[in-house]
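Residue numbers (our numbering), protein chains in the order written: chain A, 566 to 857; chain B, 50 to 446.
Note that the Cβ used here is the ideal one computed from N, Cα and C, for glycine as well.
Here it is as structure tokens:
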């Protein structure tokens, strides 16, 4: 029983790290622009497919393809921003419609280019086991993604708290008009947020390609999961995203172990509803929560 | 005979010949018909991969039929993407009915085929498929619904293999969809009746980390074999988790979408020694003339070897085309005679003998089991159809 519980907690922790990596880009963009980018999952997927293309066509280790993917996903993210910035009325609802549409376009572009087959890395190292004390098991890809994700999130958190641009993002998140009066250029800061989100999406894409499987319909699933975690965390809270994601990962994993794997999504949603019932603005919400 | 008479006779001959030729051509033109078939398939969404596979088989059947009946009849197919959505599948069927198709071939996923075939039934249109094996589909008793495969055929193959390897304890890990749940239940009940200890574990389609589940199987069930009932994505997740946790099993056994060329190429390390249902070995060995032509046409159209989805899509469409031609010849096509003609089907096909019972099911359907061995898929069960020896006990790790 103890072995089962420990493995469930370990798997849940790693799954939480993976969920957080996917969700944090969405949270950052929301924190800056009050826009929910429903194409975020598709951007993550695009990065995964770039890794696949690099590995299959050129035999490149997926990690080495990160710079190329960053350029492509960054360009796609900048395009999303360019289109979003043209919305001047009912920004929140219209941005939802726009990004949802862009997500569909990206999914179908991926489907057209790479077909509907499932893919994952063929690099054996990522699939090799990590065994801790003969009790805890994981793949190298999962551990590497978890550690890399933590480092990236810590970097984003530090950037938001200690750099001028990071403070400008937070200022913009708190009060756009006041921040503008204080000399912050909203357009520059917003596009910077989108590019940072693209960096996070690129890393998440590589984590998925090396540790899971990718297929064109996955983008929407990722967006939904990221959205749930972002709301659970408190819209825009970066540390909250990590904690919320780990909570979801652990509750899902414990449900699989002690109840049924078919109930894991339900368990995650019950947790989500309970948290919102107790704290309607999420775990770390309560207003403009970026970086808190 | 005067010159004038000869000229008159020649003119008469030319006129008669021209008339005869025009009548012949006219009659020929009246007999030559173009038949429009409809196809509703998931070409996008989570079932896009299988939908596209079936679409390729349908395209091959149309191509071969047009070649075989060139100058007499021609066939076209109008395809609508149901986006892996039951509601859109119903709308697609209604659109196809409006466009005047003679019948529908396609559909994937029992939960999608259910409402789509119901819409076809309401319109009195034949719906033939190989993409839905849930027993409930034929239990409805719709006279216009036909399928060439079913849960029984897959279950028999899985049970047969598990018995042949002498498994005393089996853990069944299955996806909580209609078809997969039915199959898992059927396999579980049959094995239990034969004295095998069975543990069942249901999972959701959103599951991407199977380690907690496989750890439970490893530490609590301790089976001889793990039976997997799901789709490609699920198999990869289960096998990866098993490769990490290394449960002491002797065999990893799955069903559809597993013992395929695609999986052998995409996941060579993960697939070694894994079993799955397969009609054909890989590389494909075709001997019958129809099968050779099918493979050649498939290669020409898609520049790759055919897989099981293509085979099933081809067979269902070929049978439909045959029935359409018979009904047309009998003059019953426009009078709703197609279901009756399909029910008269008794054909040897790429997937074996096909007949249809009253409910539209194919009672002859039985599958074979293949095993991944060194990048190939070797048929290992039943013995009569095997083209190689089984690696047992053997797992991918």
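Would you mind reading off the limits of the alpha helix (DSSP H) that contains residue i?
i: residue 371 of chain B; result: 357-379
i: residue 221 of chain B; result: Counting along the chain, residue 221 of chain B falls outside any alpha helix (DSSP H), though it belongs to the beta strand (DSSP E) covering 218-224.
i: residue 647 of chain A; result: 631-649
i: residue 295 of chain B; result: No alpha helix (DSSP H) holds residue 295 of chain B; DSSP gives it neither H nor E.
i: residue 605 of chain A; result: 605-623
i: residue 814 of chain A; result: 803-823
i: residue 163 of chain B; result: 159-171
i: residue 106 of chain B; result: 97-117
i: residue 675 of chain A; result: 656-679
i: residue 232 of chain B; result: 227-242
i: residue 833 of chain A; result: 829-843
i: residue 690 of chain A; result: 689-692
i: residue 214 of chain B; result: Element bounds for residue 214 of chain B: n/a, residue is neither H nor E.
i: residue 788 of chain A; result: 783-798
i: residue 432 of chain B; result: Premise fails: residue 432 of chain B is in no alpha helix (DSSP H) and is neither H nor E.
Quick one: residues in its chain with C-beta nearer than 6 Å to the C-beta of residue i, no 5 flanking neighbours on either side, listed in chain order?
i: residue 698 of chain A; result: none
i: residue 665 of chain A; result: 603
i: residue 675 of chain A; result: 614 and 781
i: residue 845 of chain A; result: none
i: residue 191 of chain B; result: 170
i: residue 638 of chain A; result: 608, 611, 612, 763, 766 and 767
i: residue 138 of chain B; result: 89, 131, 161 and 165
Residues in the same chain with beta-carbon distance under 7 Å from residue i, minus the five sequence neighbours each way, listed in chain order, please.
i: residue 100 of chain B; result: 90, 91, 92 and 157
i: residue 806 of chain A; result: 585, 588, 589, 592, 794, 795 and 798
i: residue 342 of chain B; result: 113
i: residue 178 of chain B; result: 155, 156, 162, 196 and 365
i: residue 385 of chain B; result: 173
Between residue i and chain A, is there a C-beta pair that is closer than 8 Å?
i: residue 307 of chain B; result: no
i: residue 311 of chain B; result: yes
i: residue 94 of chain B; result: yes
i: residue 253 of chain B; result: yes
i: residue 110 of chain B; result: no
i: residue 225 of chain B; result: yes
i: residue 82 of chain B; result: no
i: residue 420 of chain B; result: no
i: residue 97 of chain B; result: yes
i: residue 75 of chain B; result: A caution first: residue 75 of chain B carries a pLDDT of 44, below 50, which makes its placement in the model too unreliable to give a value.
i: residue 321 of chain B; result: no
i: residue 278 of chain B; result: no
i: residue 256 of chain B; result: yes
i: residue 289 of chain B; result: yes
i: residue 281 of chain B; result: yes
i: residue 188 of chain B; result: no
i: residue 297 of chain B; result: no
i: residue 444 of chain B; result: no
i: residue 101 of chain B; result: yes
i: residue 355 of chain B; result: no
With 8 Å set as the bound, which would you pick, yes or no: does the beta-carbon of residue i sit closer than that to a beta-carbon of chain B?
i: residue 730 of chain A; result: no
i: residue 663 of chain A; result: no
i: residue 697 of chain A; result: no
i: residue 686 of chain A; result: no
i: residue 804 of chain A; result: no
i: residue 893 of chain A; result: Residue 893 of chain A lies beyond the residue range present for chain A, which begins at 566 and ends at 857; the question has no answer from this structure.
i: residue 585 of chain A; result: no
i: residue 683 of chain A; result: yes
i: residue 795 of chain A; result: no
i: residue 636 of chain A; result: no
i: residue 715 of chain A; result: no
i: residue 786 of chain A; result: yes
Taking residue i as part of the beta strand (DSSP E), name the residues at either end of that continuous run.
i: residue 194 of chain B; result: 194-196
i: residue 420 of chain B; result: 418-422
i: residue 395 of chain B; result: 395-398
i: residue 274 of chain B; result: 274-278
Leaving out five residues before and five after residue i in sequence, what residues of the same chain have Cβ atoms less than 8 Å from its Cβ?
i: residue 693 of chain A; result: 704 and 705
i: residue 626 of chain A; result: 620 and 688
i: residue 185 of chain B; result: 159, 163, 227 and 231
Query raised in the report: Taking the runs of the beta strand (DSSP E) that are 3 residues or longer, which of them lie wholly in the stretch 695-755 of chain A?
Result: Counting only runs of at least 3 residues, the stretch 695-755 of chain A fully encloses the following beta strand (DSSP E) elements, listed from N- to C-terminal order: 701-704.
Query - the stretch 598-618 of chain A: positions lying closer than 7 Å to chain B by Cβ - result: The residues in question: there are none.
Query raised in the report: Taking any Cβ of chain B, which residues in the stretch 751-780 of chain A have a Cβ under 8 Å from it, in chain order?
Result: Hits within the stretch, in order: 777, 778 and 780.
Query raised in the report: Between the stretch 702-713 of chain A and chain B, which residues of the former have CB atoms less than 9 Å from a CB of the latter, in chain order?
Result: Within the stretch 702-713 of chain A, the qualifying residues are 702, 703, 704 and 707.
Query - Residues of the stretch 816-835 of chain A with Cβ closer than 7 Å to any Cβ of chain B, in chain order - result: From the stretch 816-835 of chain A, only 818, 821, 822, 825, 826, 827, 829 and 830 have a Cβ closer than 7 Å to chain B.
Query raised in the report: Listed in chain order, which residues of the stretch 394-425 of chain B have Cβ atoms closer than 9 Å to some Cβ of chain A?
Result: Sequence-ordered contacts of the stretch 394-425 of chain B with chain A are nonexistent [C-beta pairs closer than 9 Å].
Report task. Could you name the residues of the stretch 566-582 of chain A whose beta carbon sits closer than 7 Å to any beta carbon of chain B, in the order they occur along the chain? Result -> Answer in chain order: 568, 569, 572, 573, 576 and 580.
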